[in-house]
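Colleague:
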Amino acid sequence: MNQSYSVSPIGFMRSCFKEKFAIPRQPQLAPAARGVLELVSPFDQGDAVQGLEQVSHVWLLFLFHQALEDKPRLKVRPPRLGGNQSIGVFATRATHRPNGIGQSVVKLERVEAGRLWLSGIDLLDGTPILDVKPYVPYADVIADASNRMAAAAPELIPVQWDDTALLQAREHGLRLAEPLVALIEQCLAQDPRPAYQVPSPERRYGAQFWDLDVRWHYPQAGLIRVLEVVPASV
Ligand code: SAM
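According to our numbering, the sequence shown is numbered sequentially starting from 1.
If you want it as structure tokens, here you go:
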């Protein structure tokens, strides 16, 4: 049987994350990561979201639009296993997967006709959203569930600030009306660097959050220092 089906986005994510690097590897790891799901016609009317204000969290089903590939992979190398051990694609939540479909439980902060305000997201800006479903605690929380490969959230590393970088982040946070200091700390504490890379103190890392370039380095192993938070170069 060779059947194919087509799906089309019900909306697109406007996210604090403008590039893949430094996005947390799962939702809820950075509660300060916020964005707006902008629904498209015909879902951009109040009818489509009526009742959703009774729900605290939603499932997002989406396309990993920046990781789509023609040839399906059977095995992948998830960062969680250090990036050098391969494992069956269905045992992972890797982005390179058949049909490129992602799923995340995120907090629903506010509902408006045509717009859902979300936090705790792990989605790139512009991500096409295929569906939204309410989180149903009695069915979705499985108290005795286990995953021996990913038994607990990744360990956090300390994040320190240069004085000027902290001032910059506070000022831009006020301008954006966003918890920017918390966002940067929560994301960098996940240690976004690929596990196989041993960073020298001289090496600079960077990622764009909102309209800002954030740059940091590792003064020593297992410690991050934020160096600057400046308007992103266009
Ligand atoms: N929670 C989802 C899941 O389990 O399906 C996503 C998990 S995936 C490991 C998370 C990573 O996907 C993020 O760290 C980010 O780098 C990447 N990502 C997010 N949105 C993406 C997009 N639209 N296209 C490609 N990669 C994306």
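By construction, the Cβ of each residue, glycine as well, lies at the ideal position given by its N, Cα and C atoms.
The structure presented is a predicted model; accordingly, all values stated were derived computationally and were not measured.
Of the choices LEU118, GLN186, ALA150, whose alpha-carbon is the least far from that of SER15?
Modeller: For the residues LEU118, GLN186, ALA150, the minimum Cα distance to SER15 belongs to LEU118.
Colleague: Where do the ends of the beta strand (DSSP E) carrying LEU212 lie?
Modeller: Per DSSP, LEU212 belongs to the beta strand (DSSP E) from 212 to 220.
Colleague: The ligand SAM and ASP122: does the residue's C-beta get closer than 8 angstroms to at least one heavy atom of that ligand?
Modeller: At least one heavy atom of the ligand SAM is nearer than 8 angstroms to the Cβ of ASP122, so yes.
Colleague: Apply the 10 Å Cβ neighbour rule to LYS20 and answer buried if 16 or more other Cβ atoms are within range, or exposed otherwise.
Modeller: It counts as exposed.
Colleague: Taking 9 angstroms as the cut-off, decide whether the C-beta atoms of TYR138 and VAL105 are in contact.
Modeller: Against a cut-off of 9 angstroms, the Cβ pair of VAL105 and TYR138 comes out as no contact.
Colleague: With a threshold of 16 other CB atoms inside 10 Å of the CB of ILE101, please say whether the residue is buried or exposed.
Modeller: Result: exposed.
Colleague: Who does GLY11 pair with in a DSSP beta bridge?
Modeller: For GLY11, which the question treats as bridged, DSSP gives the partners LEU39, ILE129.
Colleague: Using the Cα positions of ILE87 and GLU109, report the straight-line distance between them to the nearest angstrom.
Modeller: Computed Cα separation, rounded: 36 angstroms.
Colleague: Measure from the alpha carbon of GLY173 to the alpha carbon of each residue in LEU37, MET149, PRO158, VAL214, then state which is nearest.
Modeller: Ranking LEU37, MET149, PRO158, VAL214 by Cα distance to GLY173 puts VAL214 first.
Colleague: Would you kindly work out how many angstroms separate the C-alpha atoms of VAL159 and PRO9, rounded to a whole number?
Modeller: C-alpha separation (whole angstroms): 37 angstroms.
Colleague: Could you check whether the Cβ of LEU130 sits closer than 8 angstroms to any heavy atom belonging to the ligand SAM?
Modeller: Answer for LEU130: no, Cβ out of range of the ligand SAM.
Colleague: Straight-line CA distance for TRP161 to GLN190?
Modeller: Straight-line Cα distance between these residues: approximately 16 angstroms.
Colleague: ARG193: buried (16+ other C-beta within 10 angstroms of its C-beta) or exposed?
Modeller: It is buried - the Cβ of ARG193 has at least 16 other Cβ atoms within 10 Å.
Colleague: Tell me HIS57's beta-bridge partners as DSSP assigns them.
Modeller: Paired residue(s): LYS107.
Colleague: What is the residue span of the alpha helix (DSSP H) that GLU185 lies within?
Modeller: Per DSSP, GLU185 belongs to the alpha helix (DSSP H) from 180 to 188.
Colleague: Let me check understanding here. Comparing Cα to Cα, which of PRO72, HIS57, PRO199, ARG77 lies closest to ARG97?
Modeller: Nearest of PRO72, HIS57, PRO199, ARG77 to ARG97, Cα basis: PRO72.
Colleague: Since GLY46 is in the alpha helix (DSSP H), which residue starts that stretch and which ends it?
Modeller: GLY46 -> alpha helix (DSSP H) spans 46 to 49.
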